[in-house]
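All remarks here apply to the structure that follows.
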Amino acid sequence: MKIKNTLSALCLSLAVAGCNLDVKMYDGVMAEDLSSNNIAEVSNGSYRLLKNDGGLIDYGFYFWSLGGDDLSWGGTSTGAMYKIYDYQRNIASSCTEYAWELGYRTIGNANLVIEMIEALGDNHTDEHTVIKGENYYLRALCYFLLVNEFAQPYSNNPTQNPGLPLKLDSDAEPAHLPQSRSTVAEVYEQIVNDLKDAITCMTLPEGMTPKSNCYATKEAAEALLARVYLYMGNYSEAYKMANSVITSGRFSLERGNRYATYPQFVPEENKETIFAVRRTKEKDDNGYSRPGSMFINVDDTGWEEIYASSRYLELLELHLDENGMPLDLRSRFVNKRYVEDGVEDYSIAGYPEKEYTDWTFTYAATNNKYIQLAIAKQSDGRYLIADEDASDYTSEYLQTENYNLGTRYYVVGNDGTKYIGRIEPKVFDAATKRGKMSQFLVYAINKFSYQEQSKQLWSPVISRLSEMYLIRAEANMKNGGTLEATLSDINILRERAGIPLWTVENMQTAGEGGTSKDIYEIIEEERMLELAWEGHRRFDIARNRGTINRNYPGGHLVSNPNCKEIPYNSPSICEFIPQAQYDAYPYKLEQNP
0 MKIKNTLSAL CLSLAVAGCN LDVKMYDGVM AEDLSSNNIA EVSNGSYRLL KNDGGLIDYG
60 FYFWSLGGDD LSWGGTSTGA MYKIYDYQRN IASSCTEYAW ELGYRTIGNA NLVIEMIEAL
120 GDNHTDEHTV IKGENYYLRA LCYFLLVNEF AQPYSNNPTQ NPGLPLKLDS DAEPAHLPQS
180 RSTVAEVYEQ IVNDLKDAIT CMTLPEGMTP KSNCYATKEA AEALLARVYL YMGNYSEAYK
240 MANSVITSGR FSLERGNRYA TYPQFVPEEN KETIFAVRRT KEKDDNGYSR PGSMFINVDD
300 TGWEEIYASS RYLELLELHL DENGMPLDLR SRFVNKRYVE DGVEDYSIAG YPEKEYTDWT
360 FTYAATNNKY IQLAIAKQSD GRYLIADEDA SDYTSEYLQT ENYNLGTRYY VVGNDGTKYI
420 GRIEPKVFDA ATKRGKMSQF LVYAINKFSY QEQSKQLWSP VISRLSEMYL IRAEANMKNG
480 GTLEATLSDI NILRERAGIP LWTVENMQTA GEGGTSKDIY EIIEEERMLE LAWEGHRRFD
540 IARNRGTINR NYPGGHLVSN PNCKEIPYNS PSICEFIPQA QYDAYPYKLE QNP
């Protein structure tokens, strides 16, 4: 049944007047048919709006994933998302426009569902209570994603910096819209309250079966609240929420090949996924418009322009097997385009068991390009640099040092400069393989594609169990817990990845130059490895009041050399309120600087 004369709350946008947005609405309930009999259908509209093509989850994904130091664009681009990547904000960006638009539409629909159920009074059922909880969760999720995109981080003066207009009812008339932006702290307070209400509503009575991980559940609300508390620095509550999810018994870590290919499973079949925005083969696009197409080409579909960064690969590849290939199971999410596989090959996962003969030592040079040195492994285990390259360095062999319980390889130039790099079969440059720039190499990412073996189909994962272990580890340490307990949670993930485990003893010599390794650096690096490109990294740096260091090869240094370092309190750390939304709002909102 097509929407017509639909209640304004179902398609709420704070700037619905005056904006000419081509946003496809979903089939839903007409205003004249709205009643308590179709609350469940109206609630499903919240989910449909959340996953709407070009909406908050799609375009929001580019904001929270492209701003970290774990990826690199293999050239430059005129696309809207590129301005997010290189921190040159565009006030008229379609990415931010649709993220804001669909985020508030989802909030509006959630508001309506909550009101409809509250209007039932004592006549509501247990199912109605659960549905109300789901919409509290969805409203909280939207506000959380939006406030982190359009406002300064919580770590930067949250009681003073402007956050978002908080809309908590379904009346879209101008007189009922907020007249200003609430502060970041006030938005976070609302998010916390919504998630607490969600947990209460979705704590099921005896005999009631929980819904699948394609719907909000009590555990999904606890998982998101654990992250919110972590960002707020409320470590005791972050620990409590993460621990509740871990001990619920509903989820378990995927292992082995199932973990290495977990994006290919539908959420319902993934034991680790707590909540995912479900996309299906029958109803959803699997082509170039999906986020995964920027990271990898699958079956001749995909731009394959965004790659794992040198900084990430240097951290990932400290542990090699006898054939020189990375031991860390998470390396399977990076599909290096090896020259020996041929320029026409675009496999989804590469050939991890193949034996390659053309080996290189690859490092990130100071002139924004990769250097590939031909090497040969000797009988004593050392790597000899080819004669034509060796004269540029102080030794004809690669040099090694211990780091993070593994081996780090490096060379020293004749000018004394030390270059840390990696051993790998020769990789295609981006010009040869993808028509981009020759100084960059193709390290494709398969973490957001090939669900059900269908090109770029993917159900975006909002929360999964491994994040809960990492939150519990960090919150334990920052709340005065034991070092052993923190290492135990981290080691659960390292054991799954197949790399050495941390102990109190081996931490003492595993840092730079044989120094002791700081526990918070261990936590940060493990989060970077485990949650790569999933939208955590830029926020991890910001919440810890750090600086995003992007002084490594990538198109960002071509288009915006000033983005080598982005402090957590830089104006560019968040996006402008989209100009069309700003202009059409009936009250004067404070624009971001």
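For reference, each letter of the sequence shown is one residue, going 0 to 592 in this note's numbering. By construction, the Cβ of each residue, glycine as well, lies at the ideal position given by its N, Cα and C atoms. Quick caveat, the model's predicted, so the values are computed rather than measured.
N212 sits away from I130, with the two beta carbons spaced by 8 Å or more. Of all alpha-carbon atoms in P499, P152, P290, G323, the one lying nearest the alpha-carbon of P566 is that of P152. In this structure, DSSP gives W99 a helical state, which the three-state scheme calls helix. The region 358–437 is shown to contain whole beta strand (DSSP E) runs of 3 or more residues at 358–363, 369–376, 382–384, 398–402, 405–411, 417–424, in chain order. A direct Cα-to-Cα measurement between L469 and A484 gives close to 11 Å. L319 sits in a strand when the DSSP states are folded into three classes. With the rule of 3 Cβ pairs closer than 8 Å, the region 518–527 counts as touching the region 455–473.
In the structure shown, V441 falls within a coil segment according to DSSP collapsed to helix, strand and coil. Counting along the chain, F274 sits inside the beta strand (DSSP E) bounded by residues 272–275.
With fewer than 16 other Cβ atoms inside 10 Å of its own Cβ, Y519 counts as exposed.
Counting only runs of at least 3 residues, the region 222–279 fully encloses the following beta strand (DSSP E) elements, listed from N- to C-terminal order: 272–275.
Runs of the alpha helix (DSSP H) spanning 4 or more residues and lying entirely within the region 152–208 occur at 183–200, in chain order. In the three-state DSSP reduction, N134 falls in the helix class (H, G or I).
Per DSSP, reduced to three states, the secondary structure at R493 is helical. Leaving aside the five residues that flank I540 on each side, the residues in its chain whose CB is nearer than 6 Å to its CB run, in chain order, I547. I461 has its alpha-carbon roughly 18 Å from the corresponding atom of Y449.
Taking all protein chains in view, the Cβ of G286 is surrounded by fewer than 16 other Cβ atoms within 10 Å, so the residue is classified as exposed.
Residue L397 holds the alpha-carbon nearest to the alpha-carbon of Q377 among V503, P592, L397. Annotation for L328: no beta strand (DSSP E) segment contains it, and DSSP assigns it neither H nor E. In terms of Cα proximity to P459, the closest of A364, I384, K446 is K446. Two segments are said to touch when three or more pairs of C-beta atoms, one from each, lie closer than 8 Å; by this definition the region 188–197 does not touch the region 253–271. Per the coordinates, the alpha-carbon of G291 lies some 42 Å from the alpha-carbon of D379. Taking 8 Å as the cut-off, the Cβ atoms of R329 and A496 count as close. Non-local C-beta neighbours of P585 in its own chain, meaning closer than 7 Å and more than five positions away in sequence, comprise P173, L176, ordered along the chain.
Here DSSP, grouped into helix, strand and coil, assigns A474 to helix. The shortest C-alpha to C-alpha distance from G510 to any of Y142, Y135, L314 is the one to L314.
In terms of CA proximity to E354, D320 leads the group D320, F250, A364, E148.
When only Cα atoms are considered, R226 and W302 end up about 32 Å apart.
Spatial neighbours of Y551 in its own chain (CB-CB distance under 6 Å, excluding positions within 5 residues in sequence) are listed in chain order as S308, S309, R310, A363. S235 is positioned such that its CB atom lies closer than 8 Å to that of N478. With 16 or more other Cβ atoms inside 10 Å of its own Cβ, Y337 counts as buried.
Remark: three or more beta-carbon pairs, one from each stretch, lie closer than 8 Å, so the region 95–108 and the region 138–149 are flagged as touching.
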